[in-house]
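Protein chains in written order, with this note's numbering: chain V, 20 to 340; chain Y, 1321 to 1713; chain E, -6 to 224. Ideal Cβ placement from N, Cα and C applies to all residues, glycine included. Small disclaimer: the values here were computed from a predicted structure and weren't measured.
The structure is reproduced here in C-alpha cells:
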C-alpha cells in the first residue's frame, strides 16, 4: 500500500473551501426522524428467558458448543447432512439466519469458503483456530493458475481439517469457552466444568491415537484426500494424498498414478474419510494396500456424535493395525 | 383604520413596480442575515451531530479534513487508501471496534461505500423495503438513490468505470439491489452500500471466472504445467455475482494488504479512546487517528468567524439599502406634496393623512417581514436539499 | 350667509397684502369673482374656505367665525360644509373614479363611509354622466370627465358652500357649459352658495353677481357695493 503523498496544503485548502461552501449553505432540513419500524440488523433485545443462539460452520464446532454451553444454549448448524460444510454455499436467507445469531463460530484456516462470499457481522464472529493460526499447514500442490499480467495465484492452499489433531480440537473448544464466557451465555462454573470434561475426553482420544499410531510411526500412508495433514503431523505419520472419492471407483489413470506412487513409497495403507467401495478396497488389497477409514466427521453423523465417531475411528485403526 | 389601509394599499398596488422593488430590497435585507444564520446553525448542528456519532476515524496519513469529509459525507476527494491490516490492528487491540469503509467507487453519480453490517447499526439505518446485505455482489441503497434513480428491490446497478480507458483496473460490477433504506436525512441517503468484499471485487482484487481445471476451459489455457495453468485473455470473468457463479469468486493476495479508505473507530470507553489516540501519535505511523468532533469544532470556529464577517458585510449592505429605502420614501413624500395638499385643502384631517402615509411604510415593512419569514421557513425546510444539489452534485 | 369683516391677509414675502373691509354673500347666491392674475383671488377663496388664516378680521359662516376655530376644527368644518373644485382637478391618480369621489369620506373621521353613501356616489356619477367610468383610473379620462369627477367629490358631502377656482379653465367650450350646468343645478336644488373664480367673461352672465377683485388689492381700501345690474 502506498503511504501519503507530499505536502497536503493544496488538498487541505480545497477541502476547507468545500467545507466553507458546505457550511455557508448546507444541511438544513432538520434532522427530524420519524418513527421507524424495522432495524437493519433485526436485533431485538432478547428477553431474559430466550436462549443465546450460536451458529457454526461445521459439526465438530457444533458438538463442542453443545457440550460446553449445555442445554441453556441453542446451537444451530444448518448445512444439509449430505453436503461437505467446507464447500457448501448457503442461500441469502440462510446467511440472514447466520446474521441473526448471537455468535457465529468459524473454524478458521479458510474452512467454509462461503464465509468470504457472504456478509456476516464482524463482532459476532469467533475464529476458533486463531490461537494456532501460525501453525497452519499449506497444501503444497494446490491448483495454481494465472491470467493476464497479474501473475500466478493459488486457491484454497490452507489445510482446514484442524480438529482431527485433538490438541487443536481442544484449543478450538477453549476458544468457544472463552467466547461463551465473554458473552455471559451461562454460569462460568458450568462452562468451565463442561469444557474440562470435553477436553479430558479429547485428551484421552489424543493419547489413545498416539499409542495406536505408534505402529505406523515413520511409515508413509496414502490418503484418499489431502485432509489428514494435521492428523499426520500430530501422530508422526507421513501421508501422500491422492484425490479419490470413496463413493466412486477410481479411473484407470488414477490406479496408474497410485501404482507410480507406490514405486516411490512402499505404503501399505490408505486412509479414507469414508468407507470406500468394496471393489476399491479389494483392488487396493491386490496391490498390497490395506484400507482404513477415519471419518473427520465434518458433518453431523447419521448416528452417534463426534466423540463416538472418533472412538469408532480409533477402533478402525486399532483393528486394522 | 380600514379606510386608512384601503388608501395605503391602493397607492402601493398602483405603484407596483416601486413597491415590489422596495419590498424585495427590504425582504433581502432581513432575510439574508437571518437565513444565513438559520442555515449556519442547521449546518452546524448537522455537522456536529454527524461528527458526534463518529468518535474516531482511522485513515492513511494525509489531510485530516479530507479524511473526515470523505468518511462522513462521501463527497470530497477520496483519501489515499490504507492496508486492511490496520483495521485488524485496531480490532486486536481490544480497545475499540473498527468499521471499515472503502469509498473509491461511484455509480451514476452516487458514492459506493464498501463496509460491514456494523455501519448500519452505528448509523441507526433502517430498512424501508427488502433486506440487508447477505452475499457478494449485493447492494443496499439509500433513500435518495432509490428516489432519484427509480430503483426498487430486485433492480440492478452497475458501478462506474473510473475512467474511459480503464482497461486493466476497476471492473464495472453489476450489483443486485436487495434493500432500500428509510430516509435518514443524512448523507447516507445518497449512498449505495455494499459489503467491503464487493468493492474489492470492483477494484479487481477479487473476481470470478470459469473453472480452469475443467477440461471445457482447455481452449482458454495458454499453458498447463503440472498443477499450474496459465490462461489466455479469452477467459471470461464474471461481471455479476449470481447464485450459479458465486462459488467461483475468490480473492488474490493477502487480505491484510487489501485497501480501505478509512475506518470508523468505536472505542470501548474514554480511557480506551485516549490510549488508542496515544498509539497513533508517532510520526512514523503510516496512518492517522482523528477525532471528527474536535476537527469539526475547529472548522466551525473558523467558518463561523467567516460567517460573522459575512453577516457583518450583509448588515452593512443592508443598512445602506435601508438608507436608500428611507430616501425613496422621503422623495416619494416630496413628489406627493401636491396630493397631500389636495387632501388638506378638501379638509382631510392631519391624523388621517399622516396615518395613510405611515401605513404605506408599515405595509411595505410588514410584507417584507412576512416574505423574509416565509423564505426563512423554506430555507430551513429545503435548504439542505437545494444546497446539496447546487454544491455537492 | 358668509361675511367677511375687516379681513386682512399679509403675504409671507411681504410684497403686498389683501384687505377686504366688508363683503357678504347670501345663502344660495352664485357669485363670480374676476380680476387680473396675482390679485389674490385664490387666496380669497382659501380664506373663505379656512385653508389659510387671515392676519386680522373675521370670516363668518352662518355665525361661525372661522378664525376662532383651530386647524383641526377648520378642517372638520371644511370637509362637511365646503366643497372645493380646482382648475387642475386635483384628483388622486392611484384611485379609481369612484374612490376619488368617495375620498372625503376616507380622509376625515367626521364623514363615515356607508353602503348608502356608495349608492349615492354612483347616482351622482350617473347625474354628471360618468357612471360608466367608475372603475377606471382618472388618467384614462378626458379633461371634462376629470372635472366632473372632481365636482362629484366636492358635492357628495352636500356642502352648503362651493368654492370653485377656475373650474372651467382647462376645458373646451362644450365641457365648460356642462360643468357650470352641474354646479348651478346643485345650487338651485340644494340652495347652496357658489363662489367661482373665473377668467372666462362669457360665463359671467350666468352668475347672480360679479365681484371685481382688483379692488381688494392692498393699496386700496374701498368698500364694495353690489354692482349695477346684478340679479
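Just measuring C-alpha positions, the residue of V/315, V/117, V/265, V/273 sitting nearest residue 300 of chain V is V/265. According to DSSP, residue pairing for residue 2 of chain E in a beta bridge involves E/11.
Its chain contains 1613, 1616, 1617, 1620 as the residues whose beta carbon lies nearer than 8 Å to that of residue 1368 of chain Y, once the 5 sequence neighbours on both sides are disregarded; these appear in chain order. Around the beta carbon of residue 1702 of chain Y, a 10 Å sphere encloses fewer than 16 other beta carbons of the protein chains shown; the residue is thus reported as exposed. Under the three-state reduction of DSSP, residue 1448 of chain Y is assigned to strand. The Cβ-Cβ distance between residue 1684 of chain Y and residue 1342 of chain Y falls below 8 Å.
DSSP places residue 1703 of chain Y within a helical segment (H, G or I) once states are collapsed to three. Across the structure, residue 112 of chain V and residue 1454 of chain Y are spaced so that their CA atoms are roughly 8 Å apart. Closer than 8 Å to the CB of residue 1663 of chain Y there is at least one CB belonging to chain E. Counting the other Cβ atoms within 10 Å of the Cβ of residue 1602 of chain Y gives fewer than 16, which makes it exposed. Burial state of residue 1476 of chain Y is exposed, judged by a 10 Å Cβ sphere holding fewer than 16 other Cβ atoms. Using a CB distance cut-off of 8 Å, residue 160 of chain E does not count as an interface residue toward chain Y. The CB of residue 108 of chain V comes closer than 7 Å to the CB of 1566, 1567 in chain Y, given here in chain order. Within the DSSP bridge table, the entry for residue 289 of chain V names V/241, V/310 as partners. Taken residue by residue, none of the region 8 to 24 of chain E has a beta-carbon sitting less than 9 Å from a beta-carbon on chain Y. A check of alpha carbon separations from residue 137 of chain V across Y/1393, Y/1365, Y/1563 identifies Y/1563 as the nearest. Looking only at Y/1682, Y/1672, Y/1698, Y/1677, the smallest Cα-Cα distance to residue 65 of chain E is reached by Y/1672.
If you draw a straight line from the Cα of residue 255 of chain V to the Cα of residue 108 of chain V, it is about 34 Å long. In the three-state scheme derived from DSSP, where H, G and I count as helix and E and B as strand, residue 158 of chain V is classed as coil. At a cut-off of 3 residues, the continuous stretches assigned as beta strand (DSSP E) that sit fully inside the region 66 to 114 of chain E are 75 to 79. Less than 8 Å divides the Cβ of residue 1463 of chain Y from the Cβ of residue 1501 of chain Y. Contact annotation: residue 1585 of chain Y and residue 1596 of chain Y have beta-carbon atoms nearer than 8 Å.
According to DSSP, residue pairing for residue 1608 of chain Y in a beta bridge involves Y/1379.
Secondary structure note for residue 1354 of chain Y: its alpha helix (DSSP H) is the uninterrupted segment 1336 to 1372. At a cut-off of 8 Å between beta-carbon atoms, residue 118 of chain V makes contact with chain Y.
Straight through space, the alpha carbons of residue 1467 of chain Y and residue 1420 of chain Y are spaced by roughly 27 Å. Within the region 1659 to 1686 of chain Y, those residues whose Cβ lies closer than 9 Å to any Cβ of chain E are, in chain order, 1659, 1661, 1662, 1663, 1664, 1665, 1666, 1667, 1668, 1669, 1670, 1671, 1672, 1673, 1676.
Across the set Y/1449, Y/1623, Y/1433, Y/1388, the C-alpha of Y/1433 shows the shortest separation from the C-alpha of residue 1519 of chain Y. Ranking V/145, V/135, V/130, V/106 by CA distance to the CA of residue 156 of chain V puts V/130 first. The three-state reading of DSSP puts residue 23 of chain E in strand, counting E and B together. Note that the region 1641 to 1658 of chain Y does not touch the region 65 to 74 of chain E; fewer than 3 beta-carbon pairs, one per stretch, sit closer than 8 Å.
Against chain Y, a Cβ distance below 8 Å from residue 141 of chain E picks out nothing, because the smallest value is about 16 Å.
Less than 8 Å separates the beta-carbon of residue 172 of chain E from that of residue 141 of chain E.
With respect to residue 70 of chain V, residue 92 of chain V sits close: the two C-beta atoms are nearer than 8 Å. Taking residue 193 of chain E as reference, the option from E/20, E/25, E/21 with the minimal CA-CA separation is E/25. Exclusion of the five residues before and after residue 330 of chain V leaves 224 as the residues of its chain whose Cβ lies within less than 8 Å of its Cβ.
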